[in-house]
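Below is one structure; the comments refer to it alone.
2 protein chains.
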Amino acid sequence: MTQPTHRPLPLQQVQLQDSFWSDYTELVRTTVIPYQWEALNDRVPGAEPSHAIRNFRIAAGLEAGAYGGLVFQDSDLAKWLESVGYSLSTHPDPELERIADEAIDLIVAAQQDDGYLNTYYTVKEPGRRWTNLYDCHEMYCAGHMIEAAVAYYRATGKRKLMDAMGRMADHIAEVFGTGPGQLRGYDGHQEIELALVKLYEATGEARFLRLSQFLIDERGREPHFYAEEWKRRGGVSHWSSVPQTQMPDWAYVQAHLPVREQTYAVGHAVRAVYMYAGMADLAAHTGDRALLEACRALWRNMTRKQMYVTGGIGSTVHGEAFTFDYDLPNATNYSETCASIGLIFFASRMLRLEAKSDYADVMERALYNTVLAGIAADGKHYFYVNPMEVWPEASARNPGRRHVKAVRQAWYGCACCPPNVARLLASLGEYVYSAEGAEGDTLYTHLYISGEARLSLGGGEVRMRQESRLPWSGDVAFTVETDTPQTFALALRIPAWTEGRYTARVNGEAAGAVELREGYAYLRRVWQAGDRVELRLAMPIQRLYAHPQVRSDAGLVALQRGPLVYCLEEADNPAPLAGLSLPAEAEITTRTGLPGLGEAVVLEAAGLADDAADWQEDELYRTAPMPRKTQRLTAVPYALWGNRGGGEMRVWMRS
Amino acid sequence: MTQPTHRPLPLQQVQLQDSFWSDYTELVRTTVIPYQWEALNDRVPGAEPSHAIRNFRIAAGLEAGAYGGLVFQDSDLAKWLESVGYSLSTHPDPELERIADEAIDLIVAAQQDDGYLNTYYTVKEPGRRWTNLYDCHEMYCAGHMIEAAVAYYRATGKRKLMDAMGRMADHIAEVFGTGPGQLRGYDGHQEIELALVKLYEATGEARFLRLSQFLIDERGREPHFYAEEWKRRGGVSHWSSVPQTQMPDWAYVQAHLPVREQTYAVGHAVRAVYMYAGMADLAAHTGDRALLEACRALWRNMTRKQMYVTGGIGSTVHGEAFTFDYDLPNATNYSETCASIGLIFFASRMLRLEAKSDYADVMERALYNTVLAGIAADGKHYFYVNPMEVWPEASARNPGRRHVKAVRQAWYGCACCPPNVARLLASLGEYVYSAEGAEGDTLYTHLYISGEARLSLGGGEVRMRQESRLPWSGDVAFTVETDTPQTFALALRIPAWTEGRYTARVNGEAAGAVELREGYAYLRRVWQAGDRVELRLAMPIQRLYAHPQVRSDAGLVALQRGPLVYCLEEADNPAPLAGLSLPAEAEITTRTGLPGLGEAVVLEAAGLADDAADWQEDELYRTAPMPRKTQRLTAVPYALWGNRGGGEMRVWMRS
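What follows is the structure, encoded as structure tokens:
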């Protein structure tokens, strides 16, 4: 085992207090987590029941009844508990901890004597464990519960759930392996791979890392585990009892090739990025070059050929999946919120392997755009699908666009995205910094979010206070507090959106010859208490154009300022938005104070609109060209769309 | 019963001999009909078996075995036989007639003693007749066989099949009706409604018209027949044995409302237009004003809000259906060839009700574009789906575009479009003319296709010879041959694409004050043998723009010249075609002689192309605008696309 060169800062050491982000993180703490708990307990009026808690009660013998919900319903409780762990790390809350302890008692009560934990198989199909790895998410649920256990342990020091999940991992390692009588299988929905690395990091037990490696190593190998399993099942699936004559395409679960041979992002997008994150974790801990190279290739393909400008991934609803290079349709894409969260996981792991701002740029893009768009300002409504273009009537009446919701929905039957958003936002502090070197002699800042970090740097304890005005302006300041002067480097990410324009001043003076490497500016010096760094990142309004192979965006332009991608909404612009265009020469200005958007900086420009005044109602096609008229355009952050009623929305506009 | 004001000319009276169309009609006669016969007999190497003939042999007790193919497989044989009937009308062929007679003997041998004819229920589910009208196409198959019977009778005078189908119609009239013990049902796939009108026209038996009217009258009424039937079936369907908890939306089969209350084209597009054609037939024969008004409203909605510029209908693959007004996506549309054929049926019936060129304009648009695009130059390959835009890689790798084939396919498992194209082209002569008045004192020309028509006009026999150079030029001449001078009007359609510019000369002199009414120019005079009318229709190259509510076409332009819509193909233009644009000021010129396109007139213009030369491979988005460069654009008739290998295609181009 080797050590990753970078380590993230534990959540307890990063206290965020940010005028932009705290709105969201507070929402998670004060609204989302309590609301989710009610939902898990089937106490939200009008909402479909979750069944999650009840399933555990039935499995624990505390209640009679039938299993309810989807096969992976356990993971909802796990994700909630993980959020609780993160929340308690930064905001101790005895009452919440008491509720969580009780939930953990319940979970452990539902665990079987041999360590197995899964309420679906315990309640509904006892004796059928591990017979359908491809469909049934047993390890996926275990993975989420492991993540919850580690988060809760790190927050509270309580090991009960972590020990229980260690027993589950040991049980898995008994059933699965290369030995006689063992299954050489792996889960259809990757998740446990990265979770086991967390369990290894928390416990120091190398066997958990080895189990993760086994699962990664076996995936896609011949003879193909899923092919054998499919034949054993007689071609039926969990979702349909009608035997299929053709085997599924294993690319859907990224098992079409051994993972080290994969270079092209395919299949279900969430599974893909969870797996890539696990691969990067393993590469960091084992020094496995082939895994690292596969991660790099997959990263490059995904972010350079298959990613929306909002950091969304997954071009099709069919299988919630990638399609192929440059296929980025705007009105029918999937871009699941969870997939962008997984992309953030992957990016943050790649940053531990190599400090290249590209990873952080993408992480920031996904975070500030798709992930934020996924959650409503009230914290109770969510998008799973994050389209580039919405026409509400088409969402309602064209079946090919039915998956694209025009307004955020309350908690869904398959509640994957809301708790995923919650756990990401509750742990946001983990993504802001990392430290490099055994003695932590470089502190990296990947994201600009106000707050305070405490860590050991250059041999001593340092407190670094960040004050950021992102995303509305590019002014950031850092103040060092330390008892004794310390030598270390502060490595500041220079985002691509600055177009290389920034200034860094230390204690009011130009920082001088700053080393700029792979997108980070390194300020290395002996830092004294009270030293202050002022970073001014230029935040030009950017017109973005897509690669010419992206047919969907040909002739179109998108707007970005700082980390935020903008969009047109019908609330501010006349429909149909397709009739609007932004001429190349139009000056774009900023303004604030748009009603309903708080302090958001919005963009305005003198655009053009198709002038439909002289069209006859009954004229579908005509030879007279469309007259144009001037039209003020207002673009708002994509992160905030859909918070002011329904209506059309468009990211890419005619240029 | 009343008489329609217009009557089409029987096929025997219209002999087409046209340099453009004869290629296609000869292909049908010499290639398609023989090829289809082989297919029906399961003798096409490599093709999925049709089972159609074999099913009839089994039903007739001539062969043992199991039913094969879809529930409506019988209709394939019917459509073939209908084509044969049309072909024999204009091209007697004793050998083909012998084969057809044998097929008819087989069909009649498969008929049951009570008149019932359907091989699926006879062979596979005896005793289950009429238990699933919604799914199972029993009347649909009967309707096609009635059409075949009438066509064959008109061509040969042989009544055997027509009498048999009369017995089937009588059997249906026993089972269905408003009397005690009768079912108040109607078929899930409309077709028999228009077929029964043909049977009435051929036999003069009013009971067939009344049966058609019953089926139209009952449709969509409450208590809802399909709802009752669905409950009787226990919610299962022909396609799935899993009981559904929710009833289907009857709009899919246009049974959501009584037909006279329908004003909005919805549901499966082929079923819709077949029904509308039947409604128009009934309105013509019964003088039913409410039906006529419904037809007008549905026509207006469909052609003014939901029709592609190629005359295609059906915006979505889901249910092969209409969606809603102005929803005309270019890359995912369905625009089934059969739906445009049905649109032609509907248009030609509306022309019998009222001589308005709008109906003929649409008929011509659908015929010259979607229907022709549906068939390959070899006559053996077909498109079911007629997209506005094709990216072959997306068809292969994006599941939402999988229905859009980039190359025409050989005969499909569900062989609905190829035999439908065949029967339309074999009967093309029926669509060219109609005559008005009991004595036929006006001869209407709806389409400009060379050939000769014989009919009674103004009390005497007239032969009208048409020489047309469409679609390549707008020069058309008519020569009258008659034994004695006759007084009648020649009503010439002035297509909308002339933009009102045309000249008409009679015997070399300007025609003088020509009455122009509803798009037809009426030349009324005493016609002598040898009189010659020269019509010059302007054929400007038209730039077409779509209604501003059509979001998919915003900022785009399409090209049309005469009846032909044009498109860009990768064979002539650099991919990606999305990178090309046609500036408003670019002059467009015509040329001929493009290799592989025969005498087709193609369009050329100095366009622009995105210049991708300086894009980095790894750059998905960038701030530098795309440079443009000049690029010669070549547009070819949409009717001919896909005959020179695969590749991209686009109808709507950037403007």
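Protein chains in written order, with the working numbering: chain G, 16 to 670; chain D, 16 to 670. We treat Cβ as the ideally placed atom computed from N, Cα and C, and that holds for glycine. These figures come from a predicted structure and were not determined experimentally.
Buried or exposed, going by whether 16 or more other CB atoms sit within 10 Å of the CB of residue i?
i        : result
D:Met479 : buried
D:Ser90  : buried
D:Ala525 : exposed
G:Ala599 : exposed
D:Asn522 : exposed
D:Ser596 : buried
G:Glu514 : exposed
G:Asp568 : buried
G:Met262 : exposed
D:Ser410 : buried
Nearest chain D C-beta to residue i closer than 9 Å, yes or no?
i        : result
G:Glu369 : no
G:Pro675 : What is shown of chain G runs 16 to 670, which leaves residue 675 of chain G out entirely.
G:Leu488 : Correcting the residue type first, residue 488 of chain G is Ser in the shown sequence and not Leu. Answer no: the Cβ-Cβ gap between G:Ser488 and chain D never drops below 9 Å.
G:Gly594 : yes
G:Asp625 : yes
G:Pro591 : yes
G:Glu189 : no
G:Ala573 : yes
G:Glu514 : yes
G:Trp265 : no
G:Trp95  : no
G:Trp630 : yes
Anything in chain G within Cβ reach of residue i, meaning under 8 Å, just list it in chain order.
i        : result
D:Gly415 : Thr331, Val332, His333, Pro344, Thr347, Gly415
D:Asp699 : Because chain D here runs from 16 to 670, residue 699 of chain D falls outside it and cannot be looked at.
D:Trp145 : In chain order: nothing, as chain G lies at least about 27 Å away.
Quick check on DSSP: helix, strand or coil for residue i?
i        : result
G:Ile464 : coil
D:Trp145 : coil
D:Ser104 : helix
D:Ala650 : strand
G:Asp456 : coil
D:Leu470 : strand
Starting from residue i, trace the beta strand (DSSP E) in both directions and tell me its first and last residue.
i        : result
D:Trp512 : Note, D:Trp512: premise wrong, no beta strand (DSSP E); not H, not E.
G:Met403 : Where G:Met403 is concerned, there is no enclosing beta strand (DSSP E), given that its DSSP letter is neither H nor E.
G:Leu26  : Taken as a continuous stretch (DSSP letters only), G:Leu26 belongs to no beta strand (DSSP E), as it is neither H nor E.
G:Ser449 : 448-451
Give me the chain D residues within the contact set of residue i, using Cβ-Cβ distance strictly less than 8 Å, ordered along the chain.
i        : result
G:Tyr560 : Tyr636, Arg637, Thr638, Ala639, Pro640, Met641
G:Met322 : Leu635
G:Ala388 : Going along chain D, no residue has its Cβ under 8 Å from G:Ala388, so there is no contact; the nearest lies around 18 Å.
G:Ala569 : Pro591, Ala593, Gly594, Asp625, Arg669
G:Ala599 : Pro640
G:Arg551 : Under the 8 Å cutoff, chain D gives no residues; its nearest Cβ is about 20 Å from G:Arg551.
In terms of residues, what are the limits of the alpha helix (DSSP H) holding residue i?
i        : result
D:Gly181 : 175-190
G:Asp120 : 109-125
Taking 9 Å as the threshold (beta carbon to beta carbon), is residue i in contact with chain G?
i        : result
D:Gln259 : no
D:Thr338 : yes
D:Leu557 : Reading off the sequence, residue 557 of chain D comes out as Gln, not Leu. Yes, D:Gln557 counts as interfacial toward chain G.
D:Glu308 : no
D:Glu220 : no
D:Trp245 : no
So residue i contacts chain D; which residues on that side make the cut at Cβ distance below 9 Å?
i        : result
G:Trp406 : Asp342, Arg566
G:Arg72  : Chain D residues near G:Arg72: none, gap ~28 Å exceeds 9 Å.
G:Ala654 : Simply none; closest approach about 17 Å.
G:Ala409 : Thr338, Phe339, Asp342, Pro344, Arg566
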